[in-house]
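Q: Residue numbers (the numbering used here), protein chains in the order written: chain A, 1 to 102; chain B, 1 to 102.
For each residue, glycine too, the CB sits at the ideal point set by N, CA and C.
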DNA sequence: GCGATATACATCGTATCACGAGGTATAACC
DNA sequence: GGTTATACCTCGTGATACGATGTATATCGC
């Protein structure tokens, strides 16, 4: 997929992957793999950004002697997903324009 | 609309606006306005990039004493629009995932 | 005639962002 | 005991959109 198009989906996609059940970096990558492949460096950048934007909250735990940071979607993060649905409508409008011309 | 999401559409949208009839900067902005607003600085950056990528060809003309640069979509540009249709399918897959989780 | 607006182009600097490369450390498996 | 899986992190780079700013002519209203 085009790099630019990807970028528009990444944040919301990560939020969606966490929303129903708190999750952590390594798991998110595996869960998203069938839908959208993303590297660790990309994901951790996104998680950090979403945390700074207060759309995610973190809870650090220890699991089998390894650090595991569970992320939880805040109401603000839920709102972001909702906004995406509205944006999608606009996106469909642009898509229709492109198709009309072809 | 989200800035990132926009970015994925800009190039193809500009190509689509020119494809059926050669056009020039100022006109493209006006034509796209109902669908997608973009500033001059943004458009000229895009036109330049698409020209360098050989998806557009330029023909400079004089009109009423003013310079006017007509852009024409090359076969390579047409292909770009076609590729977008494929990308859209992938995009729909991601969209479905986001909706499923909500 | 003159100021405002429309037409039409261009460039520079900034902020944002994805991602590859590279790093650390433990657990599990063969 | 070596390889793979799990799990985190950081730095540098290249790409990009966009606001601000600049130049120049034509047209329209008064």
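1. At the level of alpha carbons, what is the spacing between residue 23 (chain A) and residue 5 (chain A)?
2. Taking 9 Å as the threshold (beta carbon to beta carbon), is residue 53 (chain B) in contact with chain A?
3. In chain A, what lies closer than 7 Å to residue 2 (chain B) by C-beta?
4. Of the residues A:49, A:13, A:20, A:96, which one's Cα is nearest the Cα of residue 35 (chain A)?
5. Closest to residue 96 (chain A) by CA distance: which of B:73, B:48, B:32 is it?
6. Exposed or buried, which one is residue 67 (chain A) when buried takes at least 16 other CB atoms within 10 Å?
7. Given that residue 12 (chain B) touches chain A, what residues does it touch there, using C-beta distances under 7 Å?
8. Taking the alpha-carbon positions, what's the residue 48 (chain B) to residue 76 (chain B) distance?
9. At the level of alpha carbons, what is the spacing between residue 51 (chain B) and residue 100 (chain A)?
10. From the beta carbon of residue 25 (chain A), is the nearest beta carbon of chain B less than 9 Å away?
11. So is residue 26 (chain A) buried or exposed if we call it buried at 16+ other beta carbons inside 10 Å?
12. Rounded to whole angstroms, what's the CA-CA distance from residue 79 (chain B) to residue 57 (chain B)? Just pull it up for me.
13. Can you tell me which of the three DSSP states residue 24 (chain A) falls into?
14. Considering only C-alpha positions, which residue in the set A:28, A:37, A:30 is nearest to residue 7 (chain A)?
15. What's the C-alpha gap between residue 3 (chain B) and residue 46 (chain A)?
16. Do the CB positions of residue 60 (chain A) and residue 69 (chain A) come within less than 9 Å of each other?
17. Against residue 63 (chain B), what residues of chain A qualify as contacts under a CB-to-CB distance less than 7 Å, listed in chain order?
18. Do you know whose CA, among B:20, B:9, B:82, B:10, lies nearest residue 71 (chain B)'s CA?
19. By Cβ distance below 8 Å, which residues in the same chain neighbour residue 62 (chain A) in space, the five residues on each side in sequence not counted?
A: From the atom records:
1. In the first chain, the residue the question calls residue 23 (chain A) occupies position 23. In the first chain, the residue the question calls residue 5 (chain A) occupies position 5. When the Cα atoms are used, residue 23 (chain A) and residue 5 (chain A) turn out to be separated by approximately 25 Å.
2. If you number the second chain from 1, residue 53 (chain B) lands on position 53. At a cut-off of 9 Å between beta-carbon atoms, residue 53 (chain B) makes no contact with chain A.
3. In the second chain, residue 2 (chain B) corresponds to position 2, counting from 1. Near residue 2 (chain B) (Cβ distances below 7 Å), the residues of chain A are 8, 87.
4. Locating residue 35 (chain A) in the first chain gives position 35, counting from the first residue. Restricting attention to A:49, A:13, A:20, A:96, the CA atom closest to the CA of residue 35 (chain A) is found in A:13.
5. Position 96 of the first chain, counting from 1, holds the residue named residue 96 (chain A). Comparing Cα-Cα distances from residue 96 (chain A) to each of B:73, B:48, B:32, the minimum goes to B:32.
6. To locate residue 67 (chain A), count along the first chain from 1; it is residue 67. Here residue 67 (chain A) is exposed. Its C-beta has fewer than 16 other C-beta atoms within 10 Å.
7. Sequence index remark: in the second chain, residue 12 (chain B) carries index 12 (1-based). Proximity of chain A to residue 12 (chain B) at the Cβ level (cut-off 7 Å) is accounted for by 98, in chain order.
8. Position 48 of the second chain holds residue 48 (chain B). Position 76 of the second chain holds residue 76 (chain B). Looking at the two C-alpha atoms, the distance is approximately 15 Å.
9. Sequence index remark: in the second chain, residue 51 (chain B) carries index 51 (1-based). Sequence index remark: in the first chain, residue 100 (chain A) carries index 100 (1-based). Straight-line Cα distance between these residues: approximately 23 Å.
10. If you number the first chain from 1, residue 25 (chain A) lands on position 25. Under the Cβ criterion of 9 Å, residue 25 (chain A) is not counted among the residues facing chain B.
11. For the purposes of this step, residue 26 (chain A) is taken as residue 26 along the first chain, with counting starting at 1. Here residue 26 (chain A) is exposed. Its C-beta has fewer than 16 other C-beta atoms within 10 Å.
12. As a working note, residue 79 (chain B) is residue 79 in the second chain. As a working note, residue 57 (chain B) is residue 57 in the second chain. Between the alpha carbons of residue 79 (chain B) and residue 57 (chain B) lies a distance of about 15 Å.
13. Along the first chain, read from residue 1 onward, the residue named residue 24 (chain A) stands at position 24. Shown here, residue 24 (chain A) sits in coil according to DSSP, grouped into three states, outside any helix or strand.
14. Residue numbering aside, residue 7 (chain A) sits at position 7 when the first chain is read from its first letter. The residue with the shortest Cα to Cα distance from residue 7 (chain A) is A:37.
15. Along the second chain, one-based indexing puts residue 3 (chain B) at 3. Along the first chain, one-based indexing puts residue 46 (chain A) at 46. Straight-line spacing of the CA atoms in residue 3 (chain B) and residue 46 (chain A) works out to 16 Å.
16. Position 60 of the first chain, counted from the start, is the residue given in the question as residue 60 (chain A). Position 69 of the first chain, counted from the start, is the residue given in the question as residue 69 (chain A). Against a cut-off of 9 Å, the Cβ pair of residue 69 (chain A) and residue 60 (chain A) comes out as a contact.
17. Here residue 63 (chain B) refers to the residue found at position 63 of the second chain. Those within 7 Å of residue 63 (chain B) in chain A number zero; the least Cβ separation is about 24 Å.
18. Locating residue 71 (chain B) in the second chain gives position 71, counting from the first residue. Residue B:20 is the option with its Cα nearest to residue 71 (chain B).
19. Looking up residue 62 (chain A) in the first chain gives position 62. Counting only Cβ-Cβ distances below 8 Å, and skipping sequence neighbours, we find 68.
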